[in-house]
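Whatever position you read off the sequence shown (first residue = 1), add 28 for my numbering.
Beta carbons are placed, not taken as given, at the ideal position from N, Cα and C, and that holds for glycine.
On a predicted model such as this, the values are computed, not experimentally measured, just so you know.
Shown next, in structure tokens, is the structure this report addresses.
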Amino acid sequence: MVQSVLSSLTLGYRPLWNQARRLAGVQLYLHEEPGVQADVAHLLRILRETWSTQSPPVLLSPQSRQVLCDLLENASKGSPWIEVRGDWLQDSAIYDLVRQAHARGLMLVWRGPLSDVPDAQAAHWFASSLLHLPPEGASGMQNQTALALQQAAQAAHAPAKLQALKQAARPAPTLPPLQLLGGQMYEGLDSLALTDLCLDSFHAGAIAGWPVADTLHAQRHHAALPSRDTVLALMRAVDAEQSIEAFEQILGEDPILAYRFMLYTNSAALGLRGNVDSLRRGLVMLGYGTLQRWLSDQLPHACTEPSLVPVRTAIRLRASLTERLIEAGISHDLQREVYLLGLLSQLDQLLGEPLPTALRRIPVSERVFDAAVTRTGPYAPALLMAIALESDDPAPIRQLREEHAFEIEDVNRILLRMLSELQVQPSPAA
């Protein structure tokens with residue numbers, strides 16, 4: 029039997045975000061398994077067969093020179109975009125392959141630090157670039173979280189520390205400040221303000237990853253609120269008398285709305301009989317009229333902050349992967365329980381309180397609680413794998429496969445299927 033290429037690669041992913049703070053595409057990390065040469069032509073065929081016209085654009089991110097060379101040799105016009113690391117262009121063989129690939133119409137993306145963009149001769153081979161921003165930032169704005177800048181300012185006022193800072197600063201050579209380039213993609217962003225500058229003033233093609241910590245820090249004085257878009261979508265679904273399944277899907281897109289719903293359906297004031305331990309059970313017991321009235325109460329104060337959209341979307345992607353990675357053959361109810369685990373597993377970050385405290389307010393199962401809080405129990409491996417797949421580091425993925433008997437091909441197929449089923453929303457009109 030011919031070995032599938034999905035048994036020869038360890039895959040990972042990172043979302044790409046557009047100016048509307050919505051999904052613009054996905055970066056797909058490609059790690060070759062030790063001692064195995066992957067059939068990259070087969071991978072390209074799988075992507076062609078799996079992706080639809082509604083699927084998000086893909087940026088292939090080879091993590092070895094061999095995989096990059098194979099992509100450049102085998103990809104044809106219309107293939108996904110291919111990332112080329114800037115320092116790898118020093119390799120004359122890769123340099124020639126890049127030039128030839130550009131001539132064949134491939135869409136190539138240069139990846140490297142903003143301080144080291146390619147020269148004019150090489151730059152025209154690339155349709156875009158993925159530029160890494162250092163801590164000192166660019167265009168007059170530092171690439172550090174607001175909390176880090178605040179702590180640095182406080183430290184600078186301490187006399188001993190101030191003297192130490194002056195001593196450390198003396199030998200540093202004066203470098204010209206970096207300037208952002210318009211229309212490019214950026215990564216390594218820790219500062220939300222710098223992210224906003226890239227997207228809104230320099231019209232960045234995409235942001236790879238998102239400054240989650242700085243985004244949540246900026247919201248720390250505000251109550252965690254559900255998304256206005258999700259509340260409205262669910263209200264429209266109720267008005268249209270859609271199915272309970274449709275309600276559950278929409279409700280499960282927002283962790284705060286789902287959490288508030290479970291708090292409400294289990295409240296003494298509502299008086300429903302028994303514990304409501306799932307979104308579906310709550311929807312069935314509540315009824316259309318009561319649900320619509322509750323949603324109407326949520327709407328006036330619902331969240332419209334754009335910077336939180338990538339945070340919520342990334343949580344939803346993790347929940348979807350967690351559900352798909354659980355052992356095949358379990359019931360639909362248990363699958364939805366696993367989805368709920370992924371959806372609620374980061375409540376501590378959203379609410380600004382310990383996760384055990386938040387989860388004890390609602391009747392989640394012991395399986396969900398253990399996996400979310402202590403990373404133990406039957407659901408923990410699926411959650412841990414979903415988290416590991418969000419990184420460009422293959423080591424945790426390989427360790428989880430070994431410890432919990434995940435099949436490499438199964439994990440890769442699940443990831444590709446999930447990504448292919450995502451839809452890129454057009455930017456709303458200004």
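Backbone CA spacing between residue i and residue j [nearest angstrom]
i, j, result
"residue 279", "residue 127", "49 Å"
"residue 176", "residue 243", "13 Å"
"residue 230", "residue 259", "32 Å"
"residue 207", "residue 225", "12 Å"
"residue 383", "residue 411", "15 Å"
"residue 204", "residue 166", "10 Å"
"residue 123", "residue 115", "10 Å"
"residue 377", "residue 131", "47 Å"
"residue 104", "residue 96", "14 Å"
"residue 217", "residue 117", "24 Å"
"residue 296", "residue 81", "48 Å"
"residue 284", "residue 148", "48 Å"
"residue 144", "residue 212", "14 Å"
"residue 94", "residue 64", "11 Å"
"residue 450", "residue 261", "18 Å"
"residue 394", "residue 372", "14 Å"
"residue 468", "residue 142", "Only positions 29 to 458 of the chain appear in the structure, and residue 468 is not among them; the question remains open."
"residue 83", "residue 430", "31 Å"
"residue 172", "residue 250", "22 Å"
"residue 460", "residue 418", "Because the chain is modelled from 29 through 458, residue 460 falls outside the range shown and cannot be assessed."
"residue 281", "residue 355", "23 Å"
"residue 146", "residue 164", "21 Å"
"residue 268", "residue 74", "38 Å"
"residue 25", "residue 238", "Since the first residue shown for the chain is 29 and the last is 458, residue 25 is missing from the structure and cannot be characterised."
"residue 306", "residue 392", "8 Å"
"residue 209", "residue 335", "22 Å"
"residue 288", "residue 157", "41 Å"
"residue 179", "residue 422", "33 Å"
CB of residue i within 7 Å of CB of residue j, strictly
i, j, result
"residue 347", "residue 370", "yes"
"residue 49", "residue 337", "yes"
"residue 253", "residue 330", "yes"
"residue 90", "residue 53", "no"
"residue 438", "residue 57", "no"
"residue 448", "residue 79", "yes"
"residue 316", "residue 266", "yes"
"residue 98", "residue 68", "yes"
"residue 304", "residue 293", "yes"
"residue 129", "residue 100", "yes"
"residue 227", "residue 246", "no"
"residue 353", "residue 413", "yes"
"residue 111", "residue 76", "no"
"residue 234", "residue 42", "no"
"residue 263", "residue 314", "no"
"residue 107", "residue 71", "no"
"residue 125", "residue 214", "no"
Residue i Cβ short of 6 Å to the ligand ADP heavy atom set
i, result
"residue 146", "The ligand ADP is absent from the structure shown, which contains no ligand whatsoever."
Beta-carbon proximity list for residue i, same chain, < 8 Å, skipping 5 on both sides
i, result
"residue 441", "34"
"residue 416", "40, 424, 425 and 428"
"residue 299", "none"
"residue 256", "327, 330, 331 and 332"
"residue 398", "404, 405, 407 and 408"
"residue 434", "353, 409, 413 and 428"
"residue 341", "43, 50 and 51"
"residue 14", "Outside the modelled stretch of the chain, which goes from 29 to 458, sits residue 14, for which no answer is possible."
"residue 445", "78 and 352"
"residue 47", "227, 228, 231, 232 and 455"
Contacting residues, own chain, Cβ-Cβ under 6 Å from residue i (five flanking each side not counted)
i, result
"residue 39", "440 and 443"
"residue 374", "343"
"residue 135", "109 and 155"
"residue 453", "50"
"residue 92", "60"
"residue 290", "390"
"residue 32", "437"
"residue 432", "409"
"residue 274", "265"
"residue 182", "none"
Cβ shell of residue i (< 7 Å), same chain only, five flanking positions each side left out
i, result
"residue 396", "365, 368, 369 and 407"
"residue 55", "41, 42, 44, 87, 89 and 236"
Cβ separation of residue i and residue j, assumed to be a contact under 8 Å, to the nearest whole Å
i, j, result
"residue 222", "residue 161", "7 Å"
"residue 276", "residue 321", "19 Å between Cβ atoms; not a contact."
"residue 358", "residue 312", "Not really, about 21 Å apart at Cβ, beyond 8 Å."
message: Just to confirm the assignment: which complete beta strand (DSSP E) runs, minimum length 3, are found wholly within the region 208-262?
response: 213-215 and 234-236
message: Could you tell me which whole beta strand (DSSP E) segments of length 3 or greater appear in the region 266-314?
response: none
field: Those runs of the beta strand (DSSP E) which lie wholly inside the region 139-176 and span at least 3 residues
entry: 156-160
- prompt: Can you list the beta strand (DSSP E) stretches of 3 or more residues lying completely in the region 44-90, in chain order?
  reply: Given a length threshold of 3 residues, each whole run of the beta strand (DSSP E) inside the region 44-90 is given here in chain order: 51-60 and 86-90.
task: Pick out the complete alpha helix (DSSP H) segments inside the region 341-423, 4 residues or longer, and give them in chain order.
output: 360-372, 375-379, 383-387, 394-401 and 408-416
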